[in-house]
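Encoded as structure tokens, the structure appears first; notes follow it.
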Amino acid sequence: MTLLEVDDTIVAIASPTSPAPRGVVRMSGDETLAILQQMGIHCEQTSRARRLATHIDVGTPLGTIPVEVMVWPTHRSYTGQPSAELHTYGSLPLLRALVDKAGRCGARAARPGEYTMRAFLAGRLDLTQAEAVLGVIEAEQRGTLDHALRQLSGNLSQPLERMRSTLLDLLADVEAGLDFVDEDISFISDQDLIDRLSAIAIELEQTLRLMQNRGGGSARITVALCGPPNAGKSCLINRLADQQVAIVAPVAGTTRDTVTVDIELQGNHLTLIDTAGIEEAETEVSLQSQAQAQRSTSESRVRLWCVDSTSDDFAAKANELQELANRTRRPQTIDLWIATKTDAAIQSTSTASTEASWIPCSALNGDGIERLKISICETLKQHDTEEIGSVVGTAARCSQSLHQAIAAIQQAIHLTGHQEGHEFVSAELRTVAQCLGEVTGTVYTDDILDRVFGRFCIGK
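So the number in the numbering used here is just where the residue sits in the sequence shown, counting from 1, plus 342.
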């Protein structure tokens with residue numbers, strides 16, 4: 343696909359090719375109205391979107407078929423070109439017959455992603471938003487869809503464009519100073535430049551980290567059940583999974599290997615992990631169990647810290663777990679605190695710890711389980727809303743550019759701090775601007791466009 347071909351008028355089936363009551367054929371290009379005219383669809387050029395019903399002869403034994411035609415002028419269309427959609431029966435042979443007739447009248451068969459590429463080239467979308475279109479189409483989970491929609495709304499590209507704009511302002515100040523180097527005139531102090539570049543670097547690092555966290559957009563969210571031995575973790579995972587997946591016994595240390603099960607809560611696809619009880623390892627088997635538990639605890643997105651509410655030393659165990667949670671918490675880790683076995687508890691756990699808000703529950707009789715499920719989903723939703731959403735393709739494409747941008751900013755900070763010369767700083771800042779432009783599509787090549795839009799299906 344080359345940029346020179348965007349002047350062609352293209353046509354493709356835009357609806358799924360599986361049997362359906364209704365199907366759609368889409369056209370876009372300067373000759374759209376002329377081609378419709380040759381197909382027997384009379385539509386005058388106007389400044390408003392139009393809708394009309396007609397019949398078209400596509401050479402089938404049925405004779406003519408009913409078609410609903412929707413026409414958009416340049417300034418109202420998705421692609422920024424005159425566009426039309428033909429809606430008729432969802433029969434694949436009929437839809438192909440419509441495409442063939444448009445082809446005989448001068449339209450070219452569209453390539454994968456060509457409609458969205460034209461929308462990008464017309465300035466309707468930036469590159470991350472174009473990728474989000476594919477993310478919306480391919481989303482199989484509510485969380486994945488939400489992130490794609492947020493990226494489509496610009497929550498990834500807008501901060502990057504803001505940072506790039508700030509960077510270009512700094513570059514202008516640096517290069518203006520180079521023009522007056524003999525007069526010893528400076529438009530920005532070295533310390534101010536370092537401070538502002540450092541702020542951009544921090545924000546870029548956070549953006550990259552959040553993108554990588556969402557890089558497996560279709561992956562399941564891991565939820566680890568953590569805590570001391572005999573804290574009711576196995577019983578709780580069975581209750582959450584609504585099936586027997588872990589062995590339950592009154593003997594401490596029953597769970598040695600991690601036990602996993604996949605569940606779905608309110609559209610969130612979760613993998614629950616029952617870990618071995620946290621304790622001092624005394625044997626080789628126990629040592630391996632603890633290492634496995636620590637790995638699951640540190641790597642899981644959500645951690646359910648469980649403490650037996652009937653335990654005499656509840657407060658002490660709770661404080662130990664909170665210290666462990668603080669040491670192993672990652673930026674996007676979610677910690678929830680569960681007081682288990684409340685069916686047998688005598689004392690209240692509400693004041694046992696001042697640092698955590700505890701969710702009392704009983705896996706035996708189900709008390710508090712619904713509250714726990716709601717807490718998991720609401721906390722995930724709250725954290726996901728605060729994140730920068732990115733679809734899988736964006737994370738894969740942009741990681742290298744963002745890494746290069748961060749490295750160039752850090753080099754610019756180093757050069758400024760060591761007073762190596764603003765001409766070298768200027769070169770690094772230009773590299774940063776180039777890298778950020780590649781992410782949003784301000785800077786692009788045919789290869790980049792082919793890589794992005796080649797993943798689309800035909801008709802999108």
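Each residue gets a CB set at the ideal place from its N, CA and C atoms; glycine is no exception.
Residue i beta carbon near the ligand FMN (any heavy atom closer than 6 Å)
i      : result
Gln724 : Within the structure as shown, the ligand FMN is missing, as the structure has no ligands at all.
Alpha-carbon to alpha-carbon, residue j and residue i
i      : j      : result
Arg446 : Val475 : 30 Å
Cys703 : Ile711 : 6 Å
Val781 : Asp792 : 14 Å
Ala667 : Leu678 : 10 Å
Cys577 : Leu491 : 38 Å
Ala543 : Gln752 : 7 Å
Leu722 : Pro363 : 38 Å
Ser653 : Arg551 : 39 Å
Ala464 : Arg450 : 19 Å
Thr617 : Arg643 : 14 Å
Gln387 : His397 : 20 Å
His756 : Gly448 : 58 Å
Leu513 : Ser499 : 20 Å
Asp584 : Ala657 : 30 Å
Ala426 : Ser507 : 37 Å
Ala633 : Glu622 : 11 Å
Pro403 : Arg393 : 27 Å
His760 : Leu509 : 20 Å
The alpha helix (DSSP H) enclosing residue i, as first and last residue numbers
i      : result
Thr351 : No alpha helix (DSSP H) contains Thr351, which DSSP labels as neither H nor E.
Pro435 : Leu434 to Arg446
Ala376 : Thr374 to Gln380
Gly477 : Leu469 to Glu480
Ala657 : Phe656 to Thr670
Arg581 : Lys575 to Ala583
Same chain, Cβ closer than 6 Å to residue i, neighbours up to 5 away in sequence not counted
i      : result
Glu697 : Because the pLDDT at Glu697 is just 48, under 50, the model does not fix this residue reliably, and the value given afterwards should be weighed accordingly. Excluding sequence neighbours, Glu697 sits near Gln664.
Arg418 : Ala391
Ala481 : Leu487 and Ala490
Ala356 : Val366, Arg368 and Gly801
Thr359 : Leu434
Ile530 : Asp515
Asn661 : none
Ala635 : Thr617 and Ala618
Residue nearest to residue i in terms of C-alpha spacing, selected from the options
i      : options                           : result
Ser651 : Met412, Gln636 and Thr684         : Thr684
Leu539 : Ser717, Leu491, Gln500 and Ala775 : Ala775
Ser638 : Cys568, Val649, Ala749 and Asn661 : Cys568
Ile579 : Ile615, Ala633, Gly609 and Ile352 : Ile615
Leu409 : Ala395, Ala362 and Leu706         : Correcting the residue type first, residue 409 is Val in the shown sequence and not Leu. Nearest C-alpha to Val409: Ala395.
Leu706 : Gln746, Thr406, Ser699 and Ala686 : Ala686
Thr675 : Glu473, Trp647, Asn661 and His745 : Trp647
Met553 : Gly759, His745 and Gln761         : His745
Cys740 : Thr549, Gly477 and Leu467         : Thr549
Thr670 : Ala660, Arg645, Ser495 and Ile701 : Arg645
Lys659 : Ile620, Asp788, Ala452 and Gln632 : Ile620
Gln493 : Val441, Leu582, Ala472 and Ile377 : Ala472
Ala573 : Val649, Ala566 and Gln632         : Val649
Ile605 : Val565, Pro571 and Gln636         : Val565
Sub-7 Å separation of residue i and residue j beta-carbons
i      : j      : result
Leu502 : Leu778 : yes
Arg460 : Thr421 : yes
Leu629 : Ile563 : no
Arg748 : Leu546 : In the sequence on display, residue 748 carries Ile and not Arg. Their beta carbons are under 7 Å apart, which means Ile748 touches Leu546 by this criterion.
Met505 : Lys443 : no
Val353 : Cys385 : no
Glu517 : Ser743 : no
Leu428 : Val411 : yes
Thr784 : Ala750 : no
Gly455 : Phe766 : no
Ile536 : Thr682 : no
Ile407 : Thr430 : yes
The beta strand (DSSP E) enclosing residue i, as first and last residue numbers
i      : result
Leu612 : Asn610 to Asp616
His397 : Arg392 to Thr402
Ile676 : Ile676 to Thr682
Leu706 : Taken as a continuous stretch (DSSP letters only), Leu706 belongs to no beta strand (DSSP E), as it is neither H nor E.
Ser425 : Ser425 to Tyr431
Ile605 : Val601 to Leu607
Ser370 : Arg364 to Ser370
Residues near residue i by beta carbon distance below 7 Å, same chain, minus five either side
i      : result
Gln533 : none
Cys719 : Leu607, Gln608 and Asn610
Leu437 : Ile355, Gly365 and Val367
Val587 : Ile579, Asn580, Val601 and Val603
Ser389 : Pro415
Thr691 : The pLDDT assigned to Thr691 is 48, lower than 50, so where the model puts this residue is not dependable; a value taken from the coordinates is nonetheless given after this. Cβ within range, chain order: Ser651, Phe656, Ala681, Trp700 and Pro702.
Leu714 : Ile680, Ile701 and Cys703
Spatial neighbours of residue i in its chain, beta-carbon cut-off 8 Å, leaving aside the 5 residues before and after
i      : result
Asp372 : Asp349, Thr351, Gln423 and Pro424
Gln379 : Cys385
Arg672 : Ser640
Leu520 : His764, Glu765 and Ser768
Below-7 Å beta-carbon distance, residue i vs any chain B residue
i      : result
Lys723 : No chain B appears in the structure shown, which is made up of a single protein chain.
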